[in-house]
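Visitor:
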Amino acid sequence: GAGVSQTPSNKVTEKGKYVELRCDPISGHTALYWYRQSLGQGPEFLIYFQGTGAADDSGLPNDRFFAVRPEGSVSTLKIQRTERGDSAVYLCASSQGATETQYFGPGTRLLVL
Amino acid sequence: GENVEQHPSTLSVQEGDSAVIKCTYSDSASNYFPWYKQELGKGPQLIIDIRSNVGEKKDQRIAVTLNKTAKHFSLHITETQPEDSAVYFCAASPVGNEKLTFGTGTRLTIIP
Chain A
19 GAGVSQTPSN KVTEKGKYVE LRCDPISGHT ALYWYRQSLG QGPEFLIYFQ
69 GTGAADDSGL PNDRFFAVRP EGSVSTLKIQ RTERGDSAVY LCASSQGATE
119 TQYFGPGTRL LVL
Chain B
111 GENVEQHPST LSVQEGDSAV IKCTYSDSAS NYFPWYKQEL GKGPQLIIDI
161 RSNVGEKKDQ RIAVTLNKTA KHFSLHITET QPEDSAVYFC AASPVGNEKL
211 TFGTGTRLTI IP
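One line per chain: the protein sequences are A and B, in this order.
Residue numbering for the first sequence follows the working numbering, beginning at 19 and increasing consecutively.
Residue numbering for the second sequence follows the working numbering, beginning at 111 and increasing consecutively.
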């Protein structure tokens, strides 16, 4: 596609539920990143994939958060036992390779009630 | 880890005037400094970036300057237009570390 796409655009869930957020990177981009943006703040790094493997997951806040990229293209961010504090915009970015420009998608707005 | 501070948090300028946003970073190993523009309800959009081997880069009305000794970099927008109104974020990334550390953002308002 022309840019990074993310689905759903909005997700409302209840505390304790499980959610999956999907990211489709720009075609041919080998690197994929997940960030989280709270209201009024800059994006915060969560995890970075180079190909299928997670090269850096140091930003994942705890073990309720997990991400996969099984075929080196689409990625899914999974959040178990959601908490109200997980409410934020989850942004995905992709780049042609490590250290190249990161292009962001529109984000998924997650609201945990 | 890296820490990026950004000032001011809000900035209002008359249309046609210039706007300057400043950022400082803590990690001397950082060598890549992008600037993103974010409009309401959208993802960040790259507007300009600079690497540590140059001190200045310009693209039409937008320029970025970098002072590695002082560990700060700035975004300059000249001849501002209403469509420049948005939130601007600076970011930094060290060599070999692909994750970006962002500043807290500057809400720029262009007054017609």
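Where a beta carbon is used, it is the ideal one built from N, C-alpha and C, also for glycine.
Predicted model, so just to flag it, every value in this text is computed and none were measured.
When you compare the CB of B/Q155 with every CB in chain A, is at least one pair closer than 9 Å?
Guide: Against the second sequence, residue 155 of chain B aligns to sequence position 45. At least one chain A Cβ lies under 9 Å of B/Q155.
Visitor: Note down the Cα distance separating A/P43 from B/Q170, rounded to an integer number of angstroms.
Guide: Along the first sequence, read from residue 1 onward, the residue named residue 43 of chain A stands at position 25. Along the second sequence, read from residue 1 onward, the residue named residue 170 of chain B stands at position 60. Roughly 29 Å separates the two Cα atoms.
Visitor: Compare the Cα-Cα distances from B/S128 to each of B/F183, B/D194 and B/F199 and report the closest residue.
Guide: Taking the first residue of the second sequence as position 1, residue 128 of chain B is located at position 18. Considering only alpha carbons, the answer is B/D194.
Visitor: At which residues does the beta strand (DSSP E) containing B/S195 begin and terminate?
Guide: The residue you call residue 195 of chain B lines up with position 85 of the second sequence. Note, B/S195: premise wrong, no beta strand (DSSP E); not H, not E.
Visitor: Apart from the five residues just before and just after A/V30, which ones in its own chain have a Cβ nearer than 7 Å to its Cβ?
Guide: Residue numbering aside, residue 30 of chain A sits at position 12 when the first sequence is read from its first letter. Cβ neighbours of A/V30 beyond the five flanking positions: L129 and L131.
Visitor: With 8 Å as the limit, tell me which residues of the stretch 122–136 of chain B have their beta carbon closer than that to any beta carbon of chain A; keep them in chain order.
Guide: Under the 8 Å Cβ criterion, the stretch 122–136 of chain B contributes no residue.
Visitor: Find the nearest neighbour of A/L50 within the set A/D104, A/T25, A/K33 and A/Y121, judged by alpha-carbon distance.
Guide: Counted from its first residue, the first sequence places residue 50 of chain A at position 32. For A/L50, the nearest C-alpha among the options comes from A/Y121.
Visitor: Find out if the Cβ-Cβ distance for the pair B/L176, B/Y198 is shorter than 9 Å.
Guide: Position 66 of the second sequence, counted from the first residue, corresponds to residue 176 of chain B. Position 88 of the second sequence, counted from the first residue, corresponds to residue 198 of chain B. No, these two residues do not count as a Cβ contact at 9 Å.
Visitor: In chain order, what residues of the same chain lie with their CB nearer than 7 Å to the CB of A/G77, ignoring the 5 residues before and after it?
Guide: For this step, residue 77 of chain A is matched to residue 59 along the first sequence. So the list reads E62, F63, L64 and I65, once near-sequence residues are dropped.
Visitor: Apart from the five residues on each side of it in sequence, which residues of its chain come closer than 6 Å, Cβ to Cβ, to A/D74?
Guide: Start at 1 with the first residue of the first sequence, and residue 74 of chain A comes out as number 56. The residues are Y66.
Visitor: Looking at A/R127 and A/S45, is the spacing between their C-beta atoms short of 9 Å?
Guide: On the first sequence, residue 45 of chain A is found 27 positions in, with the first residue counted as 1. On the first sequence, residue 127 of chain A is found 109 positions in, with the first residue counted as 1. Cβ distance not < 9 Å, so A/S45 and A/R127 don't count as in contact.
Visitor: With DSSP run on the structure shown, which of helix, strand or coil describes A/D104?
Guide: The count along the first sequence starts at 1 and reaches residue 104 of chain A at position 86. Of the three classes helix, strand and coil, the one that applies to A/D104 here is helix, per DSSP.
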